[in-house]
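A.B. asks: Count the sequence shown with our numbering and you get residues 44 to 222, in order.
By construction, the Cβ of each residue, glycine as well, lies at the ideal position given by its N, Cα and C atoms.
This is the structure, below, for whatever I ask next.
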Amino acid sequence: HLDETDRFNIIRFGSSVEMLFQDHAPCAKGPLGDARKLLDRLEADLGGTELRSALRAAFRTHREGRLHDILLITDGEVYENDAFYEEAERSGCRIFVIGVGCAVSEGLLRRLSKATRGMAEFITPNEDMAEKIVRHFQRMSVQAMNAEIVWPQKPDWVWPQKDAMLFQGDTTVFFARFA
44 HLDETDRFNI
54 IRFGSSVEML
64 FQDHAPCAKG
74 PLGDARKLLD
84 RLEADLGGTE
94 LRSALRAAFR
104 THREGRLHDI
114 LLITDGEVYE
124 NDAFYEEAER
134 SGCRIFVIGV
144 GCAVSEGLLR
154 RLSKATRGMA
164 EFITPNEDMA
174 EKIVRHFQRM
184 SVQAMNAEIV
194 WPQKPDWVWP
204 QKDAMLFQGD
214 TTVFFARFA
């Protein structure tokens, strides 16, 4: 789903962080070949889940004026504080998350994606991840929509609040209570 105008990198993380390239690489034959070789032998063998360090490595390569999306795939349980979300929001990057398995920190990852105007998806063990990755790439190709719901009268409450992310092709359900 990448084209010749896109740039990319692969950052592996656990107890340490490893970047395939020092900066984003063009989607050209050489860098794509290097990425395929890495992915063919990729193992989740780096220990813990140092998410903050990995995201900081990704944030450092962000260039002002360029759209910078991060596809984050993690199976880890992570603990962070409010400063973590504020740093992610200030980065200017949108983070699209795929949480894998039963032990993943769903609340943290939902909050992280929401703070950066991205989206989070979760898969269970033995579920195919490819469909969710493709859906995230489709979301990355567009900006979130600005939409407004016009209710027949003023509701007592609405959920989710106005800041819900809406992307073309997604289904979103809103609830409202009326007097």
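#1: Taking buried to mean at least 16 other C-beta atoms within 10 Å of its own C-beta, is Asp-133 buried or exposed?
#2: According to the neighbour-count rule (16 or more other Cβ atoms, all chains shown, within 10 Å of its Cβ), is Cys-136 buried or exposed?
#3: Out of curiosity, what's the CA-to-CA distance linking Thr-48 and Asp-66?
#4: Where does Ser-156 land, buried or exposed, given buried means 16+ other C-beta within 10 angstroms?
#5: Run through the segment 172-219 for me and flag every whole beta strand (DSSP E) of 3 or more residues, listed as ranges in chain order.
#6: Could you give the distance in angstroms between the alpha-carbon of Pro-203 and the alpha-carbon of Asn-124?
#7: Distance, Cα to Cα, Ala-100 vs Val-201?
#8: So Glu-120 and Ile-141 are in contact, right, with Cβ under 8 Å, and what is the actual spacing, rounded?
#9: With which residues is Glu-61 paired in a DSSP beta bridge?
#10: Within the segment 106-151, note down every full beta strand (DSSP E) run reaching 3 residues or more, in order along the chain.
C.D. replies: This is what the structure gives:
#1: It is Arg, not Asp, that sits at residue 133 in the sequence shown. Under this definition Arg-133 is an exposed residue.
#2: buried
#3: 15 Å
#4: buried
#5: 200-202
#6: 23 Å
#7: 38 Å
#8: With 8 Å as the limit, Glu-120 and Ile-141 do not qualify as a contact, their Cβ atoms being about 15 Å apart.
#9: Arg-55
#10: 112-117 and 137-143
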